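Novice: Pasting a structure below so you can have a look.
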Amino acid sequence: MKPTKHLLLVILSSCFLFLGCGSESNSPNESDSKKEVVLGKIALDNAWARPGSKKGKSAAYLRISNATASTDTLLSFNSKAAQSIELHESIENADGTTSMRPAEQQIIPAGEKLQLQPGGLHLMLINLKRDLAVGDSLQISLEFARVGTISTTAPVQIQN
Amino acid sequence: MSSTLRSLLISLLIIAGLTACGPEPIYDLSDDTYQLRDSDSTQVNFPKDFNGNISLVTFIYTNCPDVCPVITANMTNIQRELDDTSGVNFIEITFDPERDSPSVLKEYQDLYGLNEQFTMLTSHPNDSDALLDKLDIVAQKVTVDSLGYDSTNYAIRHSNTLYLMDKDGYIRAEYPAHRVKPEHVKDDINYLRSE
Numbered sequence: 076m077k078p079t080k081h082l083l084l085v086i087l088s089s090c091f092l093f094l095g096c097g098s099e100s101n102s103p104n105e106s107d108s109k110k111e112v113v114l115g116k117i118a119l120d121n122a123w124a125r126p127g128s129k130k131g132k133s134a135a136y137l138r139i140s141n142a143t144a145s146t147d148t149l150l151s152f153n154s155k156a157a158q159s160i161e162l163h164e165s166i167e168n169a170d171g172t173t174s175m176r177p178a179e180q181q182i183i184p185a186g187e188k189l190q191l192q193p194g195g196l197h198l199m200l201i202n203l204k205r206d207l208a209v210g211d212s213l214q215i216s217l218e219f220a221r222v223g224t225i226s227t228t229a230p231v232q233i234q235n
Numbered sequence: 014m015s016s017t018l019r020s021l022l023i024s025l026l027i028i029a030g031l032t033a034c035g036p037e038p039i040y041d042l043s044d045d046t047y048q049l050r051d052s053d054s055t056q057v058n059f060p061k062d063f064n065g066n067i068s069l070v071t072f073i074y075t076n077c078p079d080v081c082p083v084i085t086a087n088m089t090n091i092q093r094e095l096d097d098t099s100g101v102n103f104i105e106i107t108f109d110p111e112r113d114s115p116s117v118l119k120e121y122q123d124l125y126g127l128n129e130q131f132t133m134l135t136s137h138p139n140d141s142d143a144l145l146d147k148l149d150i151v152a153q154k155v156t157v158d159s160l161g162y163d164s165t166n167y168a169i170r171h172s173n174t175l176y177l178m179d180k181d182g183y184i185r186a187e188y189p190a191h192r193v194k195p196e197h198v199k200d201d202i203n204y205l206r207s208e
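Structure follows, in structure tokens:
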């Protein structure tokens, strides 16, 4: 290849590259291009909920596995089956009694799991909008700071 | 017989005697009567109506969303662990007679598939404290602001205890109700059966 042709090819390639970059920055979805790319995913499994009566309360449990490369924070919870959902924890007090309190916001490091289980952290389903009977199921959505909202289905069952 | 040999024999007899006695009674309910109601609204004289059998006694309330179902699950696990459940009562008494009427307890019993060996008991709202006091059970109403609890919608900070009562109304052992190993309780039940 002659040096002149070679130079021409380099200039043309640079122009395409430049135009390519320009078109991305002028995209109507500019905000999307600024979204963080999260490698890996957060998985929810082993979800289940206790039975409950309409207007009453229930508790739900699941395991959250952060398989991304970054720490993430559990922000909020939602289900059409309950007016609201809060993260609570049952605690054993120094006098041997048991009580329950709202839990702190949970931060899940990369590669770590967070287990919501009976007698510990759990999702409190408050003011149920319908009866939850054994055999029913409900959809629960969890919002994370980095990966956004993830949903799972929790069957209603009795603990063995 | 030499004095040394006599001393040794006496020591052995004392050790054998202590082993045979097993756990001393922790609470004596043998002369007490607490009038409670079961899930069919039938009056029950506790513990006299259960005398003659070994009883596992624990306390729950049905509005307890997390820990009390664990206690109930552990009671059924203990029941399953026993090779022979004859002569054993499984008794759950509510901390919360205001809300846990006999019909509510019946729903709970059905929900958790508790069979006829289980007895769910409640009391008149003002009568329950005597039994709780006797057994050093703590049950305090608490509010969690975010839940909007009020005078009729509350949680209870409560003891978490399972009692093993012998056939004469003596409490012979107590355990953490939600996490005691079923095989541990089974061993103690078999011990009481062997007395």
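Line order of the protein sequences matches chains A and B. Note that the numbering used here numbers the first sequence so that position 63 is 138, with each residue one more than the last. Note that the numbering used here numbers the second sequence so that position 90 is 103, with each residue one more than the last. Note that CB positions come from ideal geometry on N, CA and C, so glycine has one too. Only a predicted model underlies this, so the values are computations on that prediction, with no experimental measurement involved.
Threshold first: 3 residues or longer. Then list the beta strand (DSSP E) segments lying entirely within the segment 101-179 of chain B, N to C.
Specialist: 101-107, 131-135, 152-155, 168-171 and 174-178
Novice: For SER68/B, count the other beta carbons within 10 Å of its own beta carbon; 16 or more makes it buried, fewer makes it exposed. Which is it?
Specialist: buried
Novice: Assuming LYS199/B and ILE91/B form a contact by the criterion Cβ under 8 Å, report the distance between their Cβ atoms to the nearest whole angstrom.
Specialist: 7 Å
Novice: For ASP149/B, count neighbouring C-beta atoms within 10 Å of its own C-beta (all shown protein chains included) and say buried if the count is 16 or more, exposed if not.
Specialist: exposed
Novice: In the DSSP assignment, the beta strand (DSSP E) including LYS188/A goes from what residue to what residue?
Specialist: 188-191
Novice: Which runs of the alpha helix (DSSP H) at least 4 residues long sit entirely within the segment 34-105 of chain B? Give them in chain order.
Specialist: 80-94
Novice: Would you call HIS137/B buried or exposed, if buried means 16 or more other Cβ atoms sit within 10 Å of its Cβ?
Specialist: exposed
Novice: Kindly indicate if chain A contains any beta-carbon less than 8 Å away from that of ASN173/B.
Specialist: Yes, ASN173/B lies at the interface with chain A (some Cβ there is under 8 Å from its Cβ).
Novice: Given a limit of 7 Å on CB to CB distance, which residues of the segment 121-135 of chain A reach chain B?
Specialist: ARG125, PRO126, LYS132, SER133 and ALA134
Novice: When you compare each of ILE215/A, SER159/A, GLU167/A and TRP123/A to VAL80/B by their alpha carbons, which one comes out closest?
Specialist: GLU167/A
Novice: Since HIS191/B and GLY194/A should fall inside the 8 Å C-beta cutoff, what is the C-beta to C-beta distance between them, to a whole number of angstroms?
Specialist: 6 Å
Novice: Would you give the residue range spanned by the beta strand (DSSP E) that SER159/A belongs to?
Specialist: Judged by DSSP secondary structure, SER159/A falls within the beta strand (DSSP E) whose first and last residues are 157-167.
Novice: Roughly how many angstroms separate the alpha carbons of ALA229/A and GLN180/A, rounded to a whole number?
Specialist: 22 Å
Novice: Please list, in chain order, all residues of the same chain as GLN122/B whose beta carbon is under 7 Å from its beta carbon, the five residues on each side excluded.
Specialist: SER52, PHE131 and MET133
Novice: Would you say ALA86/B and ASN235/A are within 8 Å of each other, going by their C-beta atoms?
Specialist: yes
Novice: Is it right to say LEU49/B is buried, meaning 16 or more other beta carbons lie within 10 angstroms of its own, or is it exposed?
Specialist: Flag for LEU49/B reads buried.
Novice: Rounded to a whole number of angstroms, what is the C-alpha to C-alpha distance between TYR125/B and ILE233/A?
Specialist: 7 Å
Novice: From the DSSP output, in three-state form, read off ARG221/A for me.
Specialist: Here ARG221/A sits in coil by DSSP.
Novice: Contact check, ILE182/A vs ILE139/A under 8 Å by CB: the rounded distance?
Specialist: At roughly 11 Å, the Cβ-Cβ gap does not stay under 8 Å, so ILE182/A and ILE139/A are not in contact.
Novice: Between the alpha carbons of ALA220/A and ALA144/A, how many angstroms are there, rounded?
Specialist: 14 Å
Novice: Nearest-angstrom Cα distance between VAL209/A and PRO82/B?
Specialist: Approximately 14 Å between the Cα atoms of the pair.
Novice: Hey, is PRO60/B's beta-carbon within less than 8 Å of any beta-carbon in chain A?
Specialist: Interface criterion not met: the Cβ of PRO60/B is under 8 Å from no Cβ in chain A.
Novice: In or out: ALA169/A buried (at least 16 other Cβ within 10 Å) or exposed?
Specialist: That one is exposed.
Novice: Compare the beta carbon distance of ILE114/A and ALA156/A with 8 Å and say whether it is the shorter of the two.
Specialist: According to the sequence as given, residue 114/A is Leu; it is not Ile. At a Cβ-Cβ threshold of 8 Å, LEU114/A and ALA156/A do not count as neighbours.
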